[in-house]
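Peer 1: Every letter in the sequence shown is one number past the one before it in the numbering used here, and letter 77, counting from 1, is 68.
The C-beta atom is built at its ideal place from N, Cα and C for all residues, glycine as well.
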Amino acid sequence: MDPLRTLLALLLALGTASTASVCLFFVNNTICAWLSVFSDCLQGIIDRAVTIQNLLHVFLHLLSVTIGVVQTEGGSVQGQNIPTGLFRSVEVFKGIPFAAKPELFEKPHPHPGWSGILKATKFAPRCLQISLLQTNTFGSEDCLYLNIWVPHGRKVSSDLPVMIWFYGGGFMLGGSMGPNFLNNYLYSGQEIANRGNVIVVSAAYRVGVLGFLSTGDSSIPGNYGLWDQQAAIAWVHRNIHSFGGDPNNITLFGESAGGASVNFQILSPHTRGLVRRAISQSGVALCPWAFKTNPRDVAVQVAEKVGCPTDHTMAACLKTIDAGNLTMAAPTIKQGNPDHPGVMNLLLTPVVDGDFLPDHPSKLFHNAAEVDYLLGVNNMDGHMFTSQDIPSLGNKNKDTSIEDLQRLLRAYTREKGPAALDLAFAEYTSEWGPSPSRDTIKKTAVDIGTDYIFLVPIQTAVYLHATTATSGHTFSYLLSEPSLMAGPGKPYHDWVGSDHADDLQFVFGKPFTTPKAYADRHRALSSYFIAYWTNFARTGDPNMGSLAVPVSWPQMDMSSQQYLDITSDMNDNSTSQKMRLRFVQLWTETIPSLP
-8 MDPLRTLLAL
2 LLALGTASTA
12 SVCLFFVNNT
22 ICAWLSVFSD
32 CLQGIIDRAV
42 TIQNLLHVFL
52 HLLSVTIGVV
62 QTEGGSVQGQ
72 NIPTGLFRSV
82 EVFKGIPFAA
92 KPELFEKPHP
102 HPGWSGILKA
112 TKFAPRCLQI
122 SLLQTNTFGS
132 EDCLYLNIWV
142 PHGRKVSSDL
152 PVMIWFYGGG
162 FMLGGSMGPN
172 FLNNYLYSGQ
182 EIANRGNVIV
192 VSAAYRVGVL
202 GFLSTGDSSI
212 PGNYGLWDQQ
222 AAIAWVHRNI
232 HSFGGDPNNI
242 TLFGESAGGA
252 SVNFQILSPH
262 TRGLVRRAIS
272 QSGVALCPWA
282 FKTNPRDVAV
292 QVAEKVGCPT
302 DHTMAACLKT
312 IDAGNLTMAA
322 PTIKQGNPDH
332 PGVMNLLLTP
342 VVDGDFLPDH
352 PSKLFHNAAE
362 VDYLLGVNNM
372 DGHMFTSQDI
382 PSLGNKNKDT
392 SIEDLQRLLR
402 AYTREKGPAA
412 LDLAFAEYTS
422 EWGPSPSRDT
432 IKKTAVDIGT
442 DYIFLVPIQT
452 AVYLHATTAT
462 SGHTFSYLLS
472 EPSLMAGPGK
482 PYHDWVGSDH
492 ADDLQFVFGK
502 PFTTPKAYAD
512 RHRALSSYFI
522 AYWTNFARTG
532 DPNMGSLAVP
542 VSWPQMDMSS
552 QQYLDITSDM
562 NDNSTSQKMR
572 LRFVQLWTET
582 IPSLP
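#1: Nearest to I582 by CA position, among A415, L258 and R79, is which residue?
#2: On the three-state DSSP scale, how would you describe M154?
#3: Going by the DSSP bridge assignment, what does W544 pair with across the sheet?
#4: Which residue comes first and which comes last in the beta strand (DSSP E) that contains A290?
#5: Alpha carbon to alpha carbon, how far is V487 from A321? Give it in angstroms, no decimals.
#6: Does the stretch 342 to 351 come close enough to the stretch 441 to 456 that 3 or more CB-CB pairs lie under 8 Å?
#7: Specify, as a first and last residue, the run of the beta strand (DSSP E) that N138 falls within.
#8: What's the gap between the Cα of G236 and the Cα of A184?
#9: What's the C-alpha gap between L265 and R229?
#10: For the stretch 165 to 249, which segments carrying the alpha helix (DSSP H) assignment without a break, of at least 4 residues, lie completely within its bounds, in sequence order?
#11: Apart from the five residues just before and just after I270, which ones in its own chain have a Cβ nearer than 6 Å to its Cβ?
#12: Ordered along the chain, which non-local residues of its own chain (more than five positions away) have a Cβ less than 6 Å from that of R145?
#13: Can D556 and H464 be called in contact, C-beta distance under 8 Å?
#14: Pairs of beta-carbons, one from the stretch 304 to 318 and one from the stretch 197 to 206, closer than 8 Å: are there three or more?
#15: Quick check: the Cα distance between W218 and L577, rounded to an integer number of angstroms?
#16: When DSSP builds the beta bridges, which residues end up paired with L365?
#17: From which residue to which residue does the beta strand (DSSP E) around E82 run?
#18: Thinking Q379 and G327 are a contact (beta carbons under 8 Å), I'd like their distance in whole angstroms, please.
#19: In its own chain, which residues sit with a C-beta less than 7 Å from the C-beta of F234, not counting the 5 before and 5 after it?
#20: Is there at least one Cβ from chain B nearer than 8 Å to S67's Cβ?
#21: Distance check for Y519 and P541, CA to CA, integer angstroms please.
#22: From A111, I108, F96 and F89, pick the residue whose C-alpha is nearest to that of H102; which is it?
#23: Work out the CA separation of L137 and F356 for me, nearest whole Å.
#24: Assuming K113 contacts G86 (C-beta within less than 8 Å), just tell me the rounded distance between them.
#25: Considering only C-alpha positions, which residue in the set S537, M570, Q120 and A290 is nearest to S551?
#26: From H100, D372 and V153, pick the residue whose C-alpha is nearest to that of C134; which is it?
#27: Can you tell me whether V28 is buried or exposed? The criterion is at least 16 other CB atoms within 10 Å of its CB, across all chains shown.
#28: Please confirm if the stretch 250 to 257 is in contact with the stretch 284 to 291, defined as three or more CB-CB distances below 8 Å between the two stretches.
#29: Between the Cα of I324 and those of H143, P332, N336 and D313, spot the shortest distance and give me the residue it belongs to.
#30: Could you please give me the residues that DSSP links to K110 through a beta bridge?
#31: Between the Cα of K354 and the Cα atoms of L277, R405 and A290, which residue gives the shortest distance?
#32: Out of curiosity, what's the CA-to-CA distance linking R398 and H331?
#33: For P300, is the classification buried or exposed, using 16 other Cβ atoms within 10 angstroms of its Cβ as the cut-off for buried?
#34: If you scan the stretch 461 to 532 from start to end, which runs of the alpha helix (DSSP H) of 4 or more residues do you find wholly inside it?
#35: Should H491 be counted as a contact of the ligand SAH given a C-beta to heavy atom distance under 7 Å?
#36: Got a sec? Which residues, its chain only, sit under 8 Å from S122 by beta carbon, not counting five neighbours each side?
This is the structure:
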């Protein structure tokens, strides 16, 4: 028997048996000799009512390996080692600076470094941002920090794949650690790192006015949040080898605005050569909320709020304003309605600046030709947003009027006028029949929101990557798992599928972290996500890597247009073709062709 496994068995037995009786069951004299020397110490620990669970934790900690002090370009850092099993641990480094405190409306600058050993055991504050209710600000200007999770087995890890996470939040909100509930951070990379045997990094970037205000010219060109992300990627590329990572195998992944950020990064010439693969969940650069073509209007609004002139001196004045006041001056995100959907109120976003983005995103996919790209959408990604625009949609006891649905479509087709509205309405109601039910009308409204806000632009990005890629591979998916919030006694209608952000809990392994909140099928789904995502990060193919997958995921090509339908119950029917092609063509070909 392995001496260490024997020791574990002994340690378990110590809770109920004496040292002598335990030794009778083991023939390993070395272990018994060790036990006789330390029995008094161990018995003392037990006598002080230390639980067996805590004792095991100490034991596992003693067995775990650690990198120890790591030398980075800025100085020495030391993290915290967390045992996750026998001969398994994850070493966590929190709050490592990858750039200096950013100057107002400037690209990030290198960090000056530090002396001594940085104890990387606490998350840094979020970047300064407006509160969800838009009544105050929180966070810090000094916010360009990242966090690293490094898994270990019997030996210190080396040459592991690296996955860098960028959070969502509409380019207005968010933090690298995500929401926190009972010290359980949503974006903790521990489960992904431990189960997938990859290094996970989460990085901060400026949001809101400080991250994305642009005057539309060289005075305040914008995209500062994207430059922050690029600085984090470059830092990881230069330093991750010291943490056991492979700098030549970096995968970006993100959701919503984070997914769009990933797309922007691989389209920019400034990130070429730093990234090998990318994953965009529910967001790409082509989404209507992710990119603005006329940013100066927003800069003028901000200037007027803080008392700056709007002439040629506007930029110079804005640069003198306190960061907190600028953050509070962001355009108010108003409640949407069918005539003006809320998604149109996200006004601080990336822009063409002639530098990070030299052209419209649709014309930059050649920069991602060698990048493997996995991207997809939740089947009801638009539910959350459309329910805000049409409040009756989320009310189980109220009908949603056909008029409200038409108003929503009119808002989305406004540029092309009544002809576009008529075409779109006819397409979405073609299978209604003479008397559509309450649920049919509501589902159609959700489909419209999902298609316009997420699915159609994401599928467009799928097509653009697949047709311009050289060595890069393309993989497309649809998440169709029923919402945990749906059903009798729950707030959502029982037909609601995967809403926006529903994928996050499964990607980050929450059904394993907080098992009582989930069923076995949710743990299965989470294991599928982690397997596909980390296999892809390791090899560029979600089917090949360290973890088994339930169904083979076909590569996307323009002839078959295959994609994977991800659920907790996957089988041979989980692959399909031409995702909502009728509606993709409606929005990308039919409506644009109208005069």
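Peer 2: Short version:
#1: Here residue 582 refers to the residue found at position 591 when the sequence shown is read from its first residue. Of A415, L258 and R79, the residue nearest in Cα terms is A415.
#2: Locating residue 154 in the sequence shown gives position 163, counting from the first residue. Reduced to three states, the DSSP call for M154 is strand.
#3: Start at 1 with the first residue of the sequence shown, and residue 544 comes out as number 553. Partner(s): none; W544 has no beta bridge.
#4: Counted from its first residue, the sequence shown places residue 290 at position 299. Judged by DSSP secondary structure, A290 falls outside any beta strand (DSSP E) and instead within the alpha helix (DSSP H) spanning R287 to V297.
#5: If you number the sequence shown from 1, residue 321 lands on position 330. If you number the sequence shown from 1, residue 487 lands on position 496. Using only the alpha carbons, I get a separation of about 33 Å.
#6: no
#7: Translated into the one-based positions of the sequence shown, residue 138 becomes position 147. Y136 to H143 is the extent of the beta strand (DSSP E) around N138.
#8: Translated into the one-based positions of the sequence shown, residue 236 becomes position 245. Translated into the one-based positions of the sequence shown, residue 184 becomes position 193. Rounded to whole angstroms, G236 to A184 spans 12 Å at the Cα level.
#9: Counting from one through the sequence shown, the residue named residue 265 turns up at place 274. Counting from one through the sequence shown, the residue named residue 229 turns up at place 238. Each residue's alpha carbon lies about 10 Å from the other.
#10: 181 to 187, 199 to 203 and 215 to 230
#11: Indexing the sequence shown from 1 puts residue 270 at position 279. Closer than 6 Å at Cβ, skipping near neighbours: F244 and L365.
#12: To locate residue 145, count along the sequence shown from 1; it is residue 154. Here R145 has F78 as same chain residues with Cβ atoms under 6 Å from its own Cβ, once five neighbours each way along the sequence are excluded.
#13: Reading the sequence shown from its first residue, position 565 is the one you call residue 556. Reading the sequence shown from its first residue, position 473 is the one you call residue 464. No.
#14: With a cut-off of 8 Å, the stretch 197 to 206 and the stretch 304 to 318 count as touching, because enough Cβ pairs lie within range.
#15: Reading the sequence shown from its first residue, position 227 is the one you call residue 218. Reading the sequence shown from its first residue, position 586 is the one you call residue 577. Straight-line measurement puts the Cα of L577 at about 35 Å from the Cα of W218.
#16: Along the sequence shown, read from residue 1 onward, the residue named residue 365 stands at position 374. Looking at the DSSP output, L365 bridges to I270 and F466.
#17: For this step, residue 82 is matched to residue 91 along the sequence shown. Per DSSP, E82 belongs to the beta strand (DSSP E) from R79 to P88.
#18: Within the sequence shown, the letter at position 388 stands for residue 379. Within the sequence shown, the letter at position 336 stands for residue 327. With 8 Å as the limit, Q379 and G327 qualify as a contact, their Cβ atoms being about 5 Å apart.
#19: As a working note, residue 234 is residue 243 in the sequence shown. Closer than 7 Å at Cβ, skipping near neighbours: I58, V61, I139, V141 and I190.
#20: No chain B appears in the structure shown, which is made up of a single protein chain.
#21: Translated into the one-based positions of the sequence shown, residue 541 becomes position 550. Translated into the one-based positions of the sequence shown, residue 519 becomes position 528. Take the alpha-carbon of P541 and the one of Y519: they are about 7 Å apart.
#22: Residue 102 sits at position 111 when you count from the first residue of the sequence shown. The shortest Cα separation from H102 among A111, I108, F96 and F89 belongs to F89.
#23: Locating residue 356 in the sequence shown gives position 365, counting from the first residue. Locating residue 137 in the sequence shown gives position 146, counting from the first residue. Computed Cα separation, rounded: 28 Å.
#24: Here residue 113 refers to the residue found at position 122 when the sequence shown is read from its first residue. Here residue 86 refers to the residue found at position 95 when the sequence shown is read from its first residue. Indeed they touch by this definition, with Cβ atoms about 6 Å apart.
#25: Numbered from its first residue, the sequence shown carries residue 551 at position 560. Nearest C-alpha to S551: M570.
#26: As a first step, residue 134 must be located in the sequence shown, where it is residue number 143. Ranked by Cα distance from C134, the first of H100, D372 and V153 is H100.
#27: The residue labelled residue 28 in the question sits at position 37 within the sequence shown. Bear in mind that the predicted position of V28 carries a pLDDT of just 44, short of 50, making it unreliable; the figure below should be weighed with that in mind. Counting Cβ neighbours within 10 Å, V28 comes out exposed, since fewer than 16 surround it.
#28: no
#29: Counting from 1 along the sequence shown, the entry for residue 324 is found at position 333. Residue N336 is the option with its Cα nearest to I324.
#30: Within the sequence shown, numbered from 1, the residue matching residue 110 stands at position 119. According to DSSP, which records beta bridges pairwise, K110 is partnered with Q69.
#31: Translated into the one-based positions of the sequence shown, residue 354 becomes position 363. That would be L277, whose Cα lies nearest to the Cα of K354.
#32: The residue you call residue 398 lines up with position 407 of the sequence shown. The residue you call residue 331 lines up with position 340 of the sequence shown. Taking the straight line from one Cα to the other gives about 9 Å.
#33: Numbered from 1 along the sequence shown, position 309 holds the residue referred to as residue 300. Classification for P300: exposed.
#34: 495 to 498, 501 to 504 and 511 to 530
#35: With respect to small molecules bound, the structure shown includes none, and the ligand SAH cannot be examined in it.
#36: Here residue 122 refers to the residue found at position 131 of the sequence shown. Correct list, in chain order: T128 and F129.
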